[in-house]
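What follows is a single structure, written as structure tokens, with notes after it.
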Amino acid sequence: MNIGILLKEGPYNHQASDTAYNFAEAAIRRGHTIDAIFLYNDGVLNVSKLMDPPQDDRNISTRWTAFSEKYGVKIYACVVASKRRSINEDVLMEGGVITGLGTFTDIATRNDRLVTFGD
Amino acid sequence: MDSVQDIKIKKIMHVLRHAPHGTIYTYEGLEMILIMATYDQDISVVFIGDGVYSLKKGQETSSIGIKGFARTFSALDGYDVEKLYVDQLSLEERGLTKDDLVVDVEVLSSENIGMLMKEQDVIIQH
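Protein chains in written order, with the working numbering: chain A, 1 to 119; chain B, 120 to 245.
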């Protein structure tokens with residue numbers, strides 16, 4: 001099955017980012033295809049390379065970069081939501097792409113499922 | 120990536136569940152609806168729970184320093200978004216009726232909304 005993921009919450013404050021990551025990994029292990037991750041609302045904060053959590057904690061943006069490189073899955077952040085939240089090319093992690101909601105419309109319509117994570 | 124011309128028309132339902140102010144979910148949801156409407160999709164919008172407050176007449180937001188956007192919902196038909204559904208129980212629980220809303224909507228039972236959801240290709244909750 002081809003799956004698109006919509007992630008609507010920022011890192012650390014909310015579990016949605018971790019759950020989306022775990023879901024994506026598990027789906028791929030089961031033989032499904034993750035087409036893309038699209039970040040909306042505070043979800044766009046996931047692509048900031050400036051995050052620097054304590055060493056014994058996971059680095060969520062680094063983890064998304066590794067996920068993107070391992071599976072060739074792009075992590076898209078909505079440009080309008082990004083601008084509101086100080087996300088631009090200067091702070092963008094590897095594997096992250098700032099794009100418009102047209103990209104999200106593509107992702108939502110071309111896959112078998114769109115799975116949403118967030119409140 | 121598919122070009123915009125290659126996008127097939129799909130049935131997409133947006134579900135608004137939060138009060139209009141307090142979080143940005145409804146406002147950014149509305150922004151998404153307006154953009155997706157330009158891609159010729161079959162879009163519907165359903166208001167559930169506190170989401171019904173987004174349509175309440177007489178909202179006055181100047182004292183909280185935030186732009187009001189209730190009027191944008193009544194402009195949605197200009198974007199060919201004409202399928203607006205409101206959950207009857209959510210209205211009743213909040214002491215509201217159809218007459219309290221800024222735009223003409225179809226008030227449906229939870230069961231009927233569930234049936235509509237079953238027909239969709241994509242459901243996006245906000």
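All C-beta atoms, glycine included, are put in the ideal place defined by N, C-alpha and C.
Can you check whether the C-beta of residue i is within less than 7 Å of a C-beta belonging to chain B?
i, result
"V33(A)", "Reading off the sequence, residue 33(A) comes out as Thr, not Val. It does not; no Cβ of chain B falls within 7 Å."
"L7(A)", "no"
"N41(A)", "yes"
"L101(A)", "yes"
"A108(A)", "yes"
"L92(A)", "no"
"L45(A)", "no"
"T105(A)", "yes"
On a CA-only basis, which of the options is nearest residue i? Give me that one, please.
i, options, result
"S17(A)", "L39(A), G31(A), T33(A)", "L39(A)"
"M155(B)", "V224(B), M236(B), A138(B), K127(B)", "K127(B)"
"M151(B)", "L195(B), L235(B), I167(B), G214(B)", "L195(B)"
Comparing the C-beta of residue i with each C-beta of chain A, is any distance below 7 Å?
i, result
"Y158(B)", "yes"
"K130(B)", "no"
"V221(B)", "no"
"I162(B)", "no"
"I154(B)", "yes"
"V165(B)", "no"
"E147(B)", "yes"
For residue i and residue j, what's the separation of their Cα atoms in angstroms?
i, j, result
"D57(A)", "I98(A)", "26 Å"
"T191(B)", "R29(A)", "44 Å"
"K74(A)", "K217(B)", "43 Å"
"D42(A)", "E230(B)", "32 Å"
"G4(A)", "T142(B)", "25 Å"
"T103(A)", "S82(A)", "14 Å"
"P54(A)", "S61(A)", "14 Å"
"Y12(A)", "D52(A)", "12 Å"
"G214(B)", "G177(B)", "15 Å"
"L92(A)", "F67(A)", "15 Å"
Hey, residue i and residue j: beta-carbon distance below 7 Å or not?
i, j, result
"V241(B)", "L50(A)", "no"
"S167(B)", "I131(B)", "Here residue 167(B) turns out to be Ile, not Ser, going by the sequence shown. No."
"Y204(B)", "E179(B)", "no"
"Y76(A)", "A36(A)", "yes"
"V164(B)", "H140(B)", "no"
"Q160(B)", "K129(B)", "yes"
My output table needs one value for residue i: the three-state DSSP class, helix, strand or coil.
i, result
"D56(A)", "coil"
"Y71(A)", "helix"
"D159(B)", "coil"
"S228(B)", "coil"
"Q244(B)", "strand"
"M132(B)", "strand"
"L210(B)", "helix"
"K175(B)", "strand"
"R113(A)", "strand"
"S61(A)", "helix"
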